[in-house]
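Going down the list, the sequences are from chains D and V. Per the UniProt record's numbering, residue 1 is the first one in the first sequence, and the count goes up by one each step. Per the UniProt record's numbering, residue 1 is the first one in the second sequence, and the count goes up by one each step. Beta carbons are placed, not taken as given, at the ideal position from N, Cα and C, and that holds for glycine.
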Amino acid sequence: MRVGLFIPCYVDQFYPNAAIATLELLEKLGVTVGYPAQQTCCGQPMANSGYEHLTGGCNDLFVDNFAEFDYVVSPSGSCALHIKEHLHSHNNEEAATGIRKKIYELTEFLTDVLKVEKLDAKFPHRVGLHQSCHGQRGLKLAQMTELTASPFSKPGSLLGMVEGVELVPLNRADECCGFGGTFCVAEEAVSAKMGKDRVADHIQNGAEYITAADLSCLMHMEGILKRQKSGVKVIHIAEILNGVKETVA
Amino acid sequence: MKDHAQLSEVFNKDEQRVDWHDETLWFVRQKRDKASHQIPDWEELREAASQIKHNVLSNLSNYLEQFEQQAINNGIRVHWAADAKEHNHIVHSILKRHGISQMVKSKSMLTEECHLNHYLEEQGINVVDSDLGELIVQLAKEPPSHIVLPCIHKKKEEIGDIFHEFLGSAKGEADPQVLTETARIHLRNTFLSRRAALTGVNFAVAETGEFVVCTNEGNADMGAHLSDVHIASMGIEKLIPKRKDLGVFLRLLTRSATGQPITTYSSHFKRPRPGQEMHIVLVDNGRSIQLGREDFRNSLKCIRCGACMNTCPVYRRSGGHSYHTAVAGPIGSILAPNLDMKQYADLPFASTLCGSCSNVCPVKIDIHEQLYKWRQVIIKEGYGDKKKAAAMQAMAYTLSSPKIYRIAGKAGRWVMKHTPFAVGNPLNPWYKQRDMPDAPKESFGEWYRKNRE
Numbered sequence: 001m002r003v004g005l006f007i008p009c010y011v012d013q014f015y016p017n018a019a020i021a022t023l024e025l026l027e028k029l030g031v032t033v034g035y036p037a038q039q040t041c042c043g044q045p046m047a048n049s050g051y052e053h054l055t056g057g058c059n060d061l062f063v064d065n066f067a068e069f070d071y072v073v074s075p076s077g078s079c080a081l082h083i084k085e086h087l088h089s090h091n092n093e094e095a096a097t098g099i100r101k102k103i104y105e106l107t108e109f110l111t112d113v114l115k116v117e118k119l120d121a122k123f124p125h126r127v128g129l130h131q132s133c134h135g136q137r138g139l140k141l142a143q144m145t146e147l148t149a150s151p152f153s154k155p156g157s158l159l160g161m162v163e164g165v166e167l168v169p170l171n172r173a174d175e176c177c178g179f180g181g182t183f184c185v186a187e188e189a190v191s192a193k194m195g196k197d198r199v200a201d202h203i204q205n206g207a208e209y210i211t212a213a214d215l216s217c218l219m220h221m222e223g224i225l226k227r228q229k230s231g232v233k234v235i236h237i238a239e240i241l242n243g244v245k246e247t248v249a
Numbered sequence: 001m002k003d004h005a006q007l008s009e010v011f012n013k014d015e016q017r018v019d020w021h022d023e024t025l026w027f028v029r030q031k032r033d034k035a036s037h038q039i040p041d042w043e044e045l046r047e048a049a050s051q052i053k054h055n056v057l058s059n060l061s062n063y064l065e066q067f068e069q070q071a072i073n074n075g076i077r078v079h080w081a082a083d084a085k086e087h088n089h090i091v092h093s094i095l096k097r098h099g100i101s102q103m104v105k106s107k108s109m110l111t112e113e114c115h116l117n118h119y120l121e122e123q124g125i126n127v128v129d130s131d132l133g134e135l136i137v138q139l140a141k142e143p144p145s146h147i148v149l150p151c152i153h154k155k156k157e158e159i160g161d162i163f164h165e166f167l168g169s170a171k172g173e174a175d176p177q178v179l180t181e182t183a184r185i186h187l188r189n190t191f192l193s194r195r196a197a198l199t200g201v202n203f204a205v206a207e208t209g210e211f212v213v214c215t216n217e218g219n220a221d222m223g224a225h226l227s228d229v230h231i232a233s234m235g236i237e238k239l240i241p242k243r244k245d246l247g248v249f250l251r252l253l254t255r256s257a258t259g260q261p262i263t264t265y266s267s268h269f270k271r272p273r274p275g276q277e278m279h280i281v282l283v284d285n286g287r288s289i290q291l292g293r294e295d296f297r298n299s300l301k302c303i304r305c306g307a308c309m310n311t312c313p314v315y316r317r318s319g320g321h322s323y324h325t326a327v328a329g330p331i332g333s334i335l336a337p338n339l340d341m342k343q344y345a346d347l348p349f350a351s352t353l354c355g356s357c358s359n360v361c362p363v364k365i366d367i368h369e370q371l372y373k374w375r376q377v378i379i380k381e382g383y384g385d386k387k388k389a390a391a392m393q394a395m396a397y398t399l400s401s402p403k404i405y406r407i408a409g410k411a412g413r414w415v416m417k418h419t420p421f422a423v424g425n426p427l428n429p430w431y432k433q434r435d436m437p438d439a440p441k442e443s444f445g446e447w448y449r450k451n452r453e
């Protein structure tokens, strides 16, 4: 099995530790991982702003980079969902269709493809799990509170395999953090208020860390936490599952 | 005119009020969850409703003709209005023919959409809204902020002030029961003195020519039964094929709207009582255009429960008036651009595309996907921000080229400069309430070349 690692642009630039943890974790689990050096972005920043017609270049590049792999894995539910729903290519639609079917967000790849049942990791902290909307409602990584259906959580079940993790309950289990791509600046007032409210829920319930399968949400909440000079930290789920070093805090 | 972002910014100046508004509507969302989770087949019920409406929209002209014929057979007079203006003229002409200058109205979002009150007032006709929430916003000279809970943006103290001014309640009186009683006495007199009543329509049954109006206050019945003339205004999408379909829709509507199993009154109107005139005005007002838009057709399945508003984290924190249209919230944001793409170009962008709206929708409208699609249409039609277009072109160019991306990234974290939340600009909205992440010393790509290649 050959897995192509897709590290979205802002993770590449801002959160290399999450990307390194994703790579190490997959390697630890016996996967052969390739990282195509020519990759950039999934095109979502343009598409969600109404400029999907400008994403052709990004799409072709994505297809060139990832067509050869058995699976494509990314530590971002939102970017994975965008590829799954919107990747097309004038040059090679067949390859694009293939990628749409074989792209996975990291935690669903671990639970559904690798069928991971135990992890060698320890993280003795109170952790708030933020269910990122695109991962949860788009990729169905966890049951949605709106539906009358049995509960499950792929990221939650993986965190349950990590020694010492204490998941804190939240008052609103799956409310959006307000990032929303360009929404975060175009609708600054509402976006920031949503971020503040989301962070407050985690803090009130005693979280020391906020984790998620999406760094865009974490970046947003980190922005709020830092401005508030809060001691609560954000950490990508890959870092916890990979056995983050105790010195992080 | 101010857009959604600007109006929301004003709304957010009073953070405590935003918290109150958010929690009030979240409470309604929780009631909806409790009610829907008690029905084991809830998801199947939603699917059934969605399919029934799919059938209706696929055969709309047939069902409309069937409904018209049955209604006429029942003794109802049927009118067709192509747009809001024609609807208003029809209503006015009926009133004029009877020499009526005062009308009582039960809550109808369609007449809000058509701005009927304003039109009739210009013609010298006095309209009293009889739904308590509608009455409050009417007295306050405001539009409703929510399709089911029209004055949800008002605190009880503010309602007390309005009633003191207009209905003569004691100054400072804010007890909901006392205020409701004040409104009740005022409305009782209105009901008794009005010869014409206008109601909305929740469901119109093609098979029987009857229509159903759902209220909690019984005000539709009170108005209709005491009047000589009953006018029912309905959008052409309100049809359902058979009476038995009500078994699906009545179970869904109020559980989705307020968490009640059903409204207190589900009133069926089939024929005028002896001596009464009953009219139905079938209104298009853009609906057949929307029906022709394949990507947005499903929006016409809407039964106006308001669940998408109560669950929307943006609506809860921006208030209904920030949408500057009769139907606010997520559903309004996919309906309004159909009516006027320029005026409502901002609304499809007033969302994080979190998808909660689509999950609560009792007729399974893919609301968040339509928001995404409207964005594409609005930009293509040229209603987007020109400055943003240039930035998007530059971004697309850079992200299409790994080489330029890498150089740009190295030269100071390109993403920091060019993503919307740019660094080094004090005017950047990101910075008003949020900090940026610390820039790492190297990107993952750089780390990978050193450590793995």
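Same chain, Cβ closer than 6 Å to residue i, neighbours up to 5 away in sequence not counted
i	result
V/ARG317	VAL18, ASP22
D/ILE224	GLY195, LYS196, VAL199
V/ILE331	CYS302, CYS308
V/VAL127	MET103, LYS105, ASN117, LEU120
V/CYS151	GLY133, ILE136, VAL137
V/HIS164	LYS171
V/PRO241	ALA206
D/ALA173	THR145
D/CYS217	HIS130, SER132, CYS177, PHE179
Given residue i as reference, the closest of the options once Cα atoms are compared
i	options	result
V/GLY209	V/SER169, V/HIS4, V/GLN66	V/GLN66
V/LYS53	V/GLY355, V/SER299, V/TYR383	V/SER299
V/LEU399	D/LYS101, D/GLY57, D/ASP112, D/GLY135	D/GLY57
V/ILE76	V/ASP83, V/GLU68, V/ALA82	V/GLU68
D/VAL244	D/ILE99, D/LEU119, D/PRO36, D/GLY50	D/LEU119
V/LYS2	V/LEU347, V/GLU453, V/PRO40, V/TYR372	V/LEU347
D/PHE14	D/HIS82, D/ALA238, D/MET219, D/ARG227	D/MET219
V/ASP245	V/ALA204, V/ARG297, V/ASP83, V/THR325	V/ALA204
D/HIS236	D/GLY164, D/PHE183, D/THR107, D/ARG137	D/THR107
V/TYR315	V/SER169, V/PRO272, V/GLY384, V/ALA350	V/ALA350
V/ASN219	V/THR264, V/SER358, V/VAL248	V/THR264
Residue i, buried or exposed, once every other Cβ within 10 Å from all chains shown has been counted against 16
i	result
V/GLN290	buried
D/ASP112	exposed
V/LEU192	exposed
V/GLU121	exposed
V/LYS441	exposed
V/VAL178	exposed
V/ASP129	buried
V/LYS141	exposed
V/TYR431	buried
D/LYS193	buried
V/GLN16	exposed
D/PRO16	buried
D/ASN242	buried
V/GLN370	buried
V/THR254	buried
Neighbourhood of residue i by C-beta distance below 7 Å, restricted to the same chain and skipping five residues each side
i	result
V/ASP14	none
V/LEU250	ILE262, SER266
D/ALA19	ILE7, VAL11, ASP12, PRO75
V/PHE166	LEU139
V/THR24	ILE152
Own chain partners of residue i with C-beta closer than 8 Å, once the 5 adjacent residues on each side are dropped
i	result
V/HIS79	ILE90, HIS279, ILE280, VAL281, LEU282
Contact test: residue i Cβ vs the ligand GDP heavy atom, cutoff 7 Å
i	result
D/PHE6	Within the structure as shown, the ligand GDP is missing, as the structure has no ligands at all.
task: Mind the definition here: the region 382-400 of chain V touches the region 145-162 of chain D only if three or more C-beta pairs lie below 8 Å; say whether that holds.
output: no
- prompt: If you scan the region 115-188 of chain V from start to end, which runs of the alpha helix (DSSP H) of 4 or more residues do you find wholly inside it?
  reply: 116-122, 132-139, 156-167
message: Counting beta carbon pairs with one atom in the region 86-97 of chain D and one in the region 124-139 of chain D, are three or more of them shorter than 8 Å?
response: no
- prompt: With contact counted as at least three CB pairs below 8 Å, one residue from each stretch, are the region 167-176 of chain V and the region 337-352 of chain V in contact?
  reply: no
message: Taking 8 Å as the cut-off, does the region 103-115 of chain V touch the region 227-238 of chain V (at least 3 CB pairs, one atom from each stretch)?
response: yes
message: With three or more beta-carbon pairs closer than 8 Å as the criterion, would you say the region 180-200 of chain V touches the region 94-110 of chain V?
response: yes
- prompt: Three or more C-beta pairs closer than 8 Å, one from the region 137-147 of chain D and one from the region 179-195 of chain D: is that the case here?
  reply: no
message: My parser needs the alpha helix (DSSP H) runs of 4 or more residues fully inside the region 372-409 of chain V; what are they?
response: 386-399
- prompt: Where are the beta strand (DSSP E) runs, 3 residues long or more, that stay fully inside the region 85-170 of chain D, in chain order?
  reply: 103-105, 126-129
query: For the region 42-57 of chain D against the region 79-86 of chain D, are there 3 or more C-beta pairs whose distance is under 8 Å?
result: yes
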